[in-house]
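End of the sequence shown sits at 452 in this note's numbering; the numbers just go up one at a time, nothing left out. We treat Cβ as the ideally placed atom computed from N, Cα and C, and that holds for glycine. Okay, so here's the structure we're looking at.
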Amino acid sequence: MAQRTLARYLIEEQRNKGVITADLKFLIEVVSRACQAISIAIGKGGLGGVLGEAGSANVQGEAQKKLDVLSNEILLDANEWGGHLAAMASEEMDLPHTIPHRYPQGEYLLLFDPLDGSSNIDVDVSIGTIFSVLKCPEGADLSTPEASEAAFLQPGTAQVAAGYAVYGPTTVLVLSVGDGVTCFTLDREQGGFVLTQEAMRIPADTAEFAINMANQRHWEAPVQRYVAEMQQGKDGALGKDYNMRWVGSMVADVHRIMTRGGIFMYPLDAKTRDKGGKLRLMYEANPMAFLIEQAGGAASTGRQRILDIEPDRLHQRVPVILGSKNEVARVVGYHG
Ligand code: AHM
Ligand code: MG
């Protein structure tokens with residue numbers, strides 16, 4: 117049987133389910149080509165001069181790597197001319213990027229973390245791109261970058277598509293248009309993504325957890341209790357032994373959970389409490405929560421379903437607990 121390319125998948129989804137407009141199809145294909153370009157740049161590593169610091173900081177005050185800046189530019193350049201977008205927003209930009217007047221404007225908003233897992237770039241560990249697609253509200257003021265921020269402030273339930281690319285031993289693109297989760301693998305010889313797994317499902321139970329244990333002393337009581345119980349293994353309240361994995365790139369940790377289950381936590385802690393958490397809602401937590409739920413898992417802050425949060429600012433941060441449904445329910449239960 118002929119390979120199912122990403123383009124073919126999108127056409128067939130539209131034919132069978134009617135969920136993908138021509139502009140949304142174009143948008144997803146443009147994002148996939150940008151991810152392919154980022155993957156190629158990353159693959160050159162030290163030979164391509166792409167490693168190391170950019171010498172600048174983003175709006176969150178984090179030092180930018182050369183690849184953070186390059187990936188952001190690749191996504192902006194790829195997406196601004198096509199007429200499918202009203203505006204874009206990124207972890208690496210203080211304000212949204214409005215579409216220049218010389219190009220037509222479309223009805224979608226695109227948000228992205230262009231290069232997730234920045235601390236893993238220079239050490240050759242998996243990193244990725246995360247993206248989220250929203251509809252631009254009718255009559256939204258897009259006259260200036262400042263004014264356009266309001267158009268983006270929609271809950272995660274409003275996402276029409278979300279996905280991530282992992283730049284690992286292979287480059288994969290994991291996508292949902294609200295009809296389950298599909299995984300595509302980059303064919304490096306032919307160029308382009310080919311469908312390699314349909315209807316990804318996360319097992320409801322797991323014996324694998326992901327958390328940065330270095331923050332243990334800063335966690336709240338419910339997470340302290342849960343992690344302590346997992347560490348007690350067979351002898352404790354949970355009655356089974358657990359294993360731990362922490363890549364430090366959310367894309368890689370989430371992809372493992374998509375593949376074989378698990379629970380990922382970047383909970384509220386004393387270090388990040390003032391900021392609301394570590395991970396960003398609009399272009400990290402929301403797209404991942406959408407994908408996780410579409411695959412049968414759950415995503416919560418501990419106190420609220422992530423997708424229900426009404427955002428109040430573009431770079432808002434939230435606690436994140438996501439993955440296998442029964443384990444997430446247990447931690448949420450511990451929050452009372
Ligand atoms: P980034 O978008 O600047 O790379 O930051 C987000 C990353 C996540 O990918 C990852 O889960 C987390 O930060 C790791 O944080 P820590 O270094 O505290 O373990
Ligand atoms: Mg990130």
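Worksheet item: So does SER234 have its beta carbon nearer than 8 angstroms to some heavy atom of the ligand MG?
Response: Residue 234 sits at position 118 when you count from the first residue of the sequence shown. Flag set: Cβ of SER234 near the ligand MG.
Worksheet item: Quick one: is VAL175 buried, meaning 16 or more other Cβ sit within 10 Å of its Cβ, or exposed?
Response: Residue 175 sits at position 59 when you count from the first residue of the sequence shown. With fewer than 16 other Cβ atoms inside 10 Å of its own Cβ, VAL175 counts as exposed.
Worksheet item: Quick one, which of GLU443, SER155, SER172 has its alpha-carbon nearest GLY164's?
Response: Numbered from 1 along the sequence shown, position 48 holds the residue referred to as residue 164. Per the C-alpha coordinates, the member of GLU443, SER155, SER172 positioned closest to GLY164 is SER155.
Worksheet item: Taking the DSSP output, what are the residues bridged to GLN180?
Response: Counting from one through the sequence shown, the residue named residue 180 turns up at place 64. Looking at the DSSP assignment, GLN180 forms a beta bridge with SER172.
Practice prompt. Quick one: grab the DSSP three-state call for GLY418.
Written response: Counted from its first residue, the sequence shown places residue 418 at position 302. Look at GLY418 here: in three-state DSSP terms it is coil, with no helix or strand label.
Worksheet item: Quick one: any contact between the segment 284–295 and the segment 323–331, if contact means 3 or more CB pairs under 8 angstroms?
Response: Contact between the segment 284–295 and the segment 323–331 is absent, because fewer than three Cβ pairs lie under 8 angstroms.
Discussion item. At the level of alpha carbons, what is the spacing between GLU129 and PHE228?
Written reply: Position 13 of the sequence shown holds residue 129. Position 112 of the sequence shown holds residue 228. Approximately 23 angstroms, taken between the alpha carbons.
Discussion item. What does the alpha-carbon distance come out to for the pair PHE142 and HIS431?
Written reply: Here residue 142 refers to the residue found at position 26 of the sequence shown. Here residue 431 refers to the residue found at position 315 of the sequence shown. Taking C-alpha positions only, PHE142 is separated from HIS431 by approximately 27 angstroms.
Worksheet item: Where MET316 and LEU354 are concerned, what is the direct C-alpha to C-alpha distance, given to the nearest angstrom?
Response: Position 200 of the sequence shown, counted from the start, is the residue given in the question as residue 316. Position 238 of the sequence shown, counted from the start, is the residue given in the question as residue 354. Distance between the alpha carbons of MET316 and LEU354: 27 angstroms.
Discussion item. Which same chain residues end up closer than 8 angstroms to THR298 when comparing Cβ atoms and leaving out the 5 residues on each side of it in sequence?
Written reply: Within the sequence shown, residue 298 is the residue found at index 182, counting from 1. If we look at THR298 and ignore the five residues flanking it on each side, its Cβ neighbours are TYR125, VAL290, LEU291, SER292, LEU311, GLN313, GLU314, ALA315, MET316.
Worksheet item: Exposed or buried, which one is GLN306 when buried takes at least 16 other CB atoms within 10 Å?
Response: Residue numbering aside, residue 306 sits at position 190 when the sequence shown is read from its first letter. Classification of GLN306: exposed, given that the 10 Å Cβ count is below 16.
Worksheet entry | Other residues of its chain near ASN442: CB distance less than 7 angstroms, five sequence neighbours each side excluded | For the purposes of this step, residue 442 is taken as residue 326 along the sequence shown, with counting starting at 1. Same-chain partners within the cutoff: ALA320, ASP321.
Worksheet item: For the alpha helix (DSSP H) that contains LEU126, what are its first and last residues?
Response: As a first step, residue 126 is located in the sequence shown; it is residue number 10 there, counting from the start. Counting along the chain, LEU126 sits inside the alpha helix (DSSP H) bounded by residues 122–133.
Practice prompt. May I ask you to check if the CB of ASP295 is nearer than 8 angstroms to at least one heavy atom of the ligand MG?
Written response: The residue labelled residue 295 in the question sits at position 179 within the sequence shown. No, since every heavy atom of the ligand MG falls outside the 8 angstroms radius drawn around the Cβ of ASP295.
Worksheet item: Nearest to GLU145 by alpha carbon, out of SER235, PHE309, GLU196, HIS371?
Response: The sequence position of residue 145 within the sequence shown is 29, counting from 1. GLU145 has its Cα closest to that of PHE309, out of SER235, PHE309, GLU196, HIS371.
Item to complete: Compare the C-alpha of VAL288 against each of ALA274, VAL276, ALA277, ARG304 and name the closest.
Response: If you number the sequence shown from 1, residue 288 lands on position 172. Answer by Cα proximity: ARG304.
Worksheet item: Which term fits LYS181, buried or exposed, when burial requires 16 or more other beta carbons within 10 angstroms of its beta carbon?
Response: For the purposes of this step, residue 181 is identified with residue 65 of the sequence shown, where counting begins at 1. That one is buried.
Discussion item. If contact is defined by three or more beta carbon pairs under 8 angstroms, each pair taking one atom from either stretch, is the segment 354–365 in contact with the segment 404–416?
Written reply: Cβ pair count under 8 angstroms is below three, so no.
Fill in: When ASP428, ALA405, GLU426, ALA337 are compared against ASP385, the one with the closest alpha-carbon
As a position in the sequence shown, residue 385 is number 269, starting the count at 1. Cα-wise, what sits closest to ASP385 is ALA337.
Worksheet item: For ALA173, does the count of other Cβ atoms within 10 angstroms reach 16, so buried, or fall short, so exposed?
Response: Position 57 of the sequence shown, counting from 1, holds the residue named residue 173. Flag for ALA173 reads exposed.
Discussion item. Rounded to whole angstroms, what is the Cα-Cα separation between LEU258 and LEU250?
Written reply: The residue given as residue 258 occupies position 142 in the sequence shown. The residue given as residue 250 occupies position 134 in the sequence shown. Here the alpha carbon of LEU258 sits roughly 15 angstroms from the alpha carbon of LEU250.
Fill in: Limits of the unbroken beta strand (DSSP E) element including THR298
As a working mapping, residue 298 is identified with position 182 in the sequence shown. 298–302 is the span of the beta strand (DSSP E), which, as asked, contains THR298.
Worksheet item: What does DSSP give as the partner residues of ARG396 in its beta bridges?
Response: Translated into the one-based positions of the sequence shown, residue 396 becomes position 280. Beta-bridge partners of ARG396 (DSSP): ARG433.
Worksheet item: Using DSSP with H/G/I as helix, E/B as strand and the rest coil, what is LYS350?
Response: If you number the sequence shown from 1, residue 350 lands on position 234. In the three-state reduction of the DSSP assignment, LYS350 falls in the helix class, which pools H, G and I.
Discussion item. DSSP three-state label for ASN359, please.
Written reply: If you number the sequence shown from 1, residue 359 lands on position 243. Looking at ASN359 - three-state DSSP - the assignment turns out to be strand.
Practice prompt. Using only alpha-carbon positions, find the residue among ASP424, ASN402, THR286, GLN270 that is nearest to SER279.
Written response: In the sequence shown, counting from the first residue as 1, residue 279 sits at position 163. A small correction: the amino acid at residue 279 is Gly; Ser does not occupy that position in the sequence shown. Comparing alpha-carbon positions, the option among ASP424, ASN402, THR286, GLN270 lying closest to GLY279 turns out to be ASN402.
Discussion item. Judging by CA-CA distance, which residue of VAL447, LEU192, VAL239, ARG433 is the nearest neighbour of TYR399?
Written reply: Taking the first residue of the sequence shown as 1, we reach residue 399 at position 283. For TYR399, the nearest C-alpha among the options comes from ARG433.
Fill in: Through-space distance from LEU407 to ILE422, alpha-carbon basis
Numbered from 1 along the sequence shown, position 306 holds the residue referred to as residue 422. Numbered from 1 along the sequence shown, position 291 holds the residue referred to as residue 407. Their Cα atoms are separated by approximately 12 angstroms.
Practice prompt. Could you tell me whether any Cβ in chain C is nearer than 9 angstroms to the Cβ of MET209?
Written response: As a matter of chain content, chain C is missing from the structure shown, which is built from one protein chain.
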